[in-house]
Amino acid sequence: MTIESPITQPVIEAERFDLRPLRPSDEGLVELYAGDERVATMTSSIPHPLPPGTIEAFITRALAPDRVEDVWAMDGTKSGGPEVMGVISLKRVEQGQSEVGYWVAPAFWNTGLASAAAEALLQANPHACRTFFASVFQDNPASARVLTNSGFAYLGDAETFSVARGAKVPTWTYSRKVN
Numbered sequence: 001m002t003i004e005s006p007i008t009q010p011v012i013e014a015e016r017f018d019l020r021p022l023r024p025s026d027e028g029l030v031e032l033y034a035g036d037e038r039v040a041t042m043t044s045s046i047p048h049p050l051p052p053g054t055i056e057a058f059i060t061r062a063l064a065p066d067r068v069e070d071v072w073a074m075d076g077t078k079s080g081g082p083e084v085m086g087v088i089s090l091k092r093v094e095q096g097q098s099e100v101g102y103w104v105a106p107a108f109w110n111t112g113l114a115s116a117a118a119e120a121l122l123q124a125n126p127h128a129c130r131t132f133f134a135s136v137f138q139d140n141p142a143s144a145r146v147l148t149n150s151g152f153a154y155l156g157d158a159e160t161f162s163v164a165r166g167a168k169v170p171t172w173t174y175s176r177k178v179n
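Residue numbers for the sequence shown, in this note's numbering: 1 to 179.
As structure tokens, then:
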């Protein structure tokens with residue numbers, strides 16, 4: 001029998017907020033924001049409406065020692081903001097490569113929060129990646145700007161299934177190599 005040590009997840013400090021691992025007490029705010037149709041329809045995995053227990057299960061998976069995705073809350077308490085303003089994640093794709101995902105609560109759209117969170121996460125590089133990947137729905141140009149502002153380069157078009165939309169949605173795919 002092999003005993004694996006749990007994957008640790010650092011707190012990443014940014015100027016206006018911290019990126020910290022999710023905790024069970026985040027359930028209420030995550031459910032409030034992720035349950036917003038404007039947020040859910042811009043992700044591939046958040047259903048709308050949210051079935052009971054969805055966010056509790058999401059947080060449980062995010063805290064599991066054998067997880068393949070690390071999820072951080074964008075915590076604004078250090079500057080007088082709420083404990084959760086959005087989430088950002090890194091999903092291990094293969095050795096040296098991870099996929100970035102994020103969403104921000106509508107109250108914080110157009111404030112630079114997503115760009116600052118992406119840059120903080122990429123600079124910290126907690127997975128020691130050589131390459132980061134990300135994709136956004138083509139009808140979400142603001143999210144595409146977050147990636148290009150963070151040094152991602154356009155790779156091409158694709159499509160992915162959106163649970164909230166119940167359909168395949170065209171995407172733009174990006175990558176960023178670490179120098």
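Quick reminder that beta carbons are idealized off the backbone N, C-alpha and C, glycines included. Fair warning: this is a prediction, and the values are worked out from it, not measured in the lab.
Assign residue i to one of three DSSP states: helix, strand, or coil.
i, result
"D26", "helix"
"T77", "helix"
"F58", "helix"
"R20", "strand"
"E159", "strand"
"A164", "coil"
"F152", "coil"
On the criterion of 16 or more Cβ atoms from any shown chain inside 10 Å, does residue i qualify as buried, or is it exposed?
i, result
"R20", "buried"
"W72", "buried"
"A14", "buried"
"L155", "exposed"
"A167", "exposed"
"D75", "buried"
"F161", "exposed"
"A144", "buried"
"T77", "exposed"
"I55", "buried"
"V178", "exposed"
If residue i and residue j are in contact, beta carbons under 8 Å, what's the gap, nearest whole angstrom?
i, j, result
"A117", "I88", "5 Å"
"P126", "P10", "6 Å"
"L63", "L22", "7 Å"
"L113", "M85", "6 Å"
"F133", "Q97", "7 Å"
"A153", "S135", "With 8 Å as the limit, A153 and S135 do not qualify as a contact, their Cβ atoms being about 13 Å apart."
"P82", "L29", "6 Å"
So the alpha helix (DSSP H) residue i belongs to, where does it begin and stop?
i, result
"T148", "P141 to N149"
"Q123", "L113 to A124"
"V169", "Here V169 belongs to no alpha helix (DSSP H); instead the beta strand (DSSP E) covers A167 to K177."
"A40", "E37 to A40"
Can you check which of these residues, the options, is closest to residue i by C-alpha distance?
i, options, result
"G35", "V104, T171 and W172", "V104"
"L121", "R176, R67, P49 and Q138", "R176"
"W109", "P24, D26 and V39", "V39"
"T41", "N149, F152 and V163", "V163"
"D70", "T43, V178, V100 and P170", "V100"
"R16", "P65, R67, E119 and E37", "E119"
"K91", "Q123, C129, G28 and V146", "C129"
Which first and last residues belong to the beta strand (DSSP E) in which residue i is found?
i, result
"E94", "G86 to E94"
"E99", "Q97 to V104"
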